[in-house]
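*Asks:* I have a structure here, written as structure tokens, and I will follow up with some questions on it.
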Amino acid sequence: MKQEKKQKQVQPTSRKVEESLSYTVEVRDKDGRVLRHISAPSRSYVEQWNQLMNVMASHANKTVKTTSGTDPSRSPADSIFACNAPIGNVLYGLRVGKGTTAVAIDDYALGDPLGEGTETDEFNHQAVTFTEPSVAGSTCSFTIKRIMINNSGSTITGIKEIGCYTWGYFLGFRDVLPGGVTVPDGGSITVTYTIKVTV
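This is how it looks when you write it as structure tokens:
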């Protein structure tokens, strides 16, 4: 008589996959001294992030609202998650601004983004850089970083928001800082986002 194989019972666990997004903002003066350092959990992704993931996962064209407020159709063949902006390019990559409105799921742009240049309230944006994904224990993470230099000839005050624009151009995530940030002339502000998953 054939004996039935006993199936191994999987025990339930209280552990769950945790995805997290956090940021660090660091301000330095022209001599490289750290003037301010902020680290906190992010308040977003926004809806465009999941919409872009849906475009890639479904491998179908979909309409997604851009940072200019238009709703074009985007293809999975487009580089819609790219945020590796080169030096001087503010169409995508990490950005800072003066908007103070609380983060909402339907945000599609920074409230008051600061531009590229050497005029009032402008920064010289450096190229976006990345670390390779690394594993520590049961966590895998990598960082996205951009340095912005104030060569405007005067202090830039009231920086209250940060975020990431992707190619195409879409807002992936946005955060409002706990207080206004000031960057002196010749100084810099560095924004770093950490994307992490823990199992």
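Taking the numbering used here, the leading residue of the sequence shown gets 51, the next gets one more, and so forth. Built from N, CA and C at the ideal position, the CB exists for glycine as well.
(1) According to DSSP, is residue 174 part of a helix, a strand, or is it coil?
(2) Consult DSSP for residue 84 and reduce its assignment to one of helix, strand or coil.
(3) For the region 215-222 and the region 187-201, state whether three or more C-beta atom pairs, one from each stretch, are separated by less than 8 Å.
(4) Here's the rule: buried if 16 or more other CB atoms are within 10 angstroms of the residue's CB, otherwise exposed. What is residue 229?
(5) Quick one: is residue 192 buried, meaning 16 or more other Cβ sit within 10 Å of its Cβ, or exposed?
(6) Buried or exposed: residue 123, going by 16 or more other Cβ atoms within 10 Å of its Cβ?
(7) Taking 8 Å as the threshold, find out whether the region 81-96 comes into contact with the region 132-141 through three or more Cβ pairs.
(8) Helix, strand or coil for residue 166? Go by DSSP, reduced to three states.
(9) Could you give the DSSP three-state label for residue 231: helix, strand or coil?
(10) In terms of DSSP beta bridges, what is residue 71 paired with?
(11) Strictly under 7 Å for the Cβ-Cβ distance: is residue 222 near chain B by that measure?
(12) Reducing DSSP to helix, strand and coil, say where residue 108 ends up.
*Replies:* Reading off the structure:
(1) Sequence index remark: in the sequence shown, residue 174 carries index 124 (1-based). In this structure, residue 174 counts as strand in the three-state DSSP scheme.
(2) The sequence position of residue 84 within the sequence shown is 34, counting from 1. In this structure, residue 84 counts as strand in the three-state DSSP scheme.
(3) no
(4) The residue labelled residue 229 in the question sits at position 179 within the sequence shown. Burial call: exposed.
(5) Sequence index remark: in the sequence shown, residue 192 carries index 142 (1-based). By the C-beta density criterion, residue 192 is exposed, having fewer than 16 other C-beta atoms within 10 angstroms.
(6) What you label residue 123 is simply residue 73 of the sequence shown in a count that begins at 1. Exposed, since its Cβ has fewer than 16 Cβ neighbours within 10 Å.
(7) no
(8) Position 116 of the sequence shown, counted from the start, is the residue given in the question as residue 166. Looking at residue 166 - three-state DSSP - the assignment turns out to be strand.
(9) One-based indexing of the sequence shown puts residue 231 at position 181. Three-state DSSP puts residue 231 in a strand.
(10) Here residue 71 corresponds to residue number 21 of the sequence shown, with the count starting at 1. DSSP lists 245 as partners of residue 71.
(11) No chain B appears in this structure, which consists of one protein chain only.
(12) Start at 1 with the first residue of the sequence shown, and residue 108 comes out as number 58. In the structure shown, residue 108 sits in a helix (DSSP, three-state: H, G or I).
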